[in-house]
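Peer 1: One structure, as structure tokens, below. Some questions next.
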Amino acid sequence: MHVTRYQRTVAIGLGASLAGGLIAATAGTAAGAPRAAVRTPAAAAPSRPAAHHHKLVGTFTIKRGRAHGKKVSGSYFRMITPVGSYFSNSSSHARGGTYTLLKPGTNKGLRTGTYQPQPSRAFDNNGNSLAGRIIKPTNFENVKFAVSTAKVDPQTGTTVRAPRIKVSGHKLTGDVRAFAASWNKQNFNQGSPKPNGAYSGHTTKLRGKYHRKSHKYSLTWRSQIVGGPFNGFSGLWHLTGTFHAR
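So the sequence shown is numbered by my numbering: it starts at 849 and just counts up by one.
Structure below.
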């Protein structure tokens, strides 16, 4: 086929135009011309190590409660009425009787991993508690109360585990369902949780703080009272002192 000079000229021009466009497009991309963004998969967030709980087995010695004016320190007990106000113990001078100060018993405090039961004769003839291992029997409305822990809860007859307290970092948690108060020839479970493992009524979980170097601690929980003259009330327990490992 015969190609005229005109056709040859057009073909050469068209080829040059296409080549120039390709070069320009390549140069534009290299110079930073916009192009489709390439997404890279986001890095997975580092997983947090599981909290390590360490059992503290030994004696949580009880620091004696003290009151100076409105300031209360150390270990104490408070009773909360069903409407949320604090009951005034006429046998206490601390903050108008709304605090009952505690003193350590013959075992110096609360032991974990074992029981501290009340004696076979739990009360004297006047109804004063004779359970003096954890705290010294203390006057409450002119009758002494104390606390104990036993394999069988003296109020409900339920088999309960020995007190357990664990530390994670500086925080304390635990199970003191065996904790029971005795007063006026009556027993009242004051554990957390209750003997059946539930946090019924106004019962709260045991919480506390622990200093690993000094071994100083504080524990707080609330336990609802069932039965007796204070049915529906609850006891607020605050223990502080030093932990001694067994």
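C-beta: ideal position from N, C-alpha, C; glycine also.
#1: Which first and last residues belong to the beta strand (DSSP E) in which A994 is found?
#2: Rounding to the nearest angstrom, what Cα-Cα distance links T954 and G1089 in this structure?
#3: Exposed or buried, D1001, counting other C-beta atoms within 10 Å across all chains shown (16 or more means buried)?
#4: Does P1041 pass the burial test, meaning 16 or more other C-beta atoms within 10 Å, or should it be called exposed?
#5: Output yes or no for whether 8 Å exceeds the beta carbon distance between S1030 and E989.
#6: Tell me which residue opens and which closes the beta strand (DSSP E) that G1083 is part of.
#7: Out of V931, N1044 and T929, which has the shortest C-alpha to C-alpha gap to G1005?
#8: Taking its Cβ as the centre, do 16 or more other Cβ atoms sit within 10 Å of R1060, making it buried, or is it exposed?
#9: Using the Cβ count rule (16 or more neighbours within 10 Å means buried), how would you classify S1048?
#10: At 3 residues or longer, what runs of the beta strand (DSSP E) sit wholly inside the region 924-990?
#11: With the cut-off set at 8 Å, would you say S923 and L904 are in Cβ contact?
#12: Buried or exposed, going by whether 16 or more other CB atoms sit within 10 Å of the CB of P1077?
#13: Please name the residue or residues paired with D1023 in a DSSP beta bridge.
#14: Which word fits K911, buried or exposed, when buried means at least 16 other C-beta atoms lie within 10 angstroms of its C-beta?
#15: Go to G1056, then tell me how far its beta strand (DSSP E) extends in each direction, as first and last residue.
#16: Closest to P965 by C-alpha separation, out of A1026, W1069, A1046 and H1063, would be which residue?
#17: CB-CB under 7 Å to K1033, same chain, minus the five flanking residues each way: which ones, in chain order?
#18: At what residues does the beta strand (DSSP E) containing T1007 begin and finish?
#19: For Q1034, which of helix, strand or coil comes out of DSSP?
#20: Between Y963 and A1010, is the Cβ-Cβ spacing less than 8 Å?
Peer 2: Short version:
#1: Per DSSP, A994 belongs to the beta strand (DSSP E) from V991 to T997.
#2: Using only the alpha carbons, I get a separation of about 15 Å.
#3: Burial state of D1001 is buried, judged by a 10 Å Cβ sphere holding 16 or more other Cβ atoms.
#4: Classification of P1041: buried, given that the 10 Å Cβ count is 16 or more.
#5: Their beta carbons are not under 8 Å apart, which means S1030 does not touch E989 by this criterion.
#6: Per DSSP, the unbroken beta strand (DSSP E) holding G1083 starts and ends at S1082 to A1093.
#7: Of the candidates V931, N1044 and T929, the one whose C-alpha sits nearest the C-alpha of G1005 is N1044.
#8: It is exposed - the Cβ of R1060 has fewer than 16 other Cβ atoms within 10 Å.
#9: When all chains shown are included, S1048 counts as exposed.
#10: Listed in chain order, they are 924-928, 957-959 and 986-988.
#11: No.
#12: Here P1077 is exposed. Its C-beta has fewer than 16 other C-beta atoms within 10 Å.
#13: Paired residue(s): R1012.
#14: Buried.
#15: Unbroken beta strand (DSSP E) run through G1056: R1055 to Y1058.
#16: Measuring from the Cα of P965, the nearest candidate turns out to be A1026.
#17: By the criterion of a C-beta distance shorter than 7 Å, K1033 is surrounded in its chain by F971 and G975, once the five residues flanking it on both sides are discounted.
#18: Bounds of any beta strand (DSSP E) do not take in T1007, whose DSSP letter is neither H nor E.
#19: Residue state, collapsed to three classes: strand.
#20: In this structure, A1010 lies closer than 8 Å to Y963 by Cβ.
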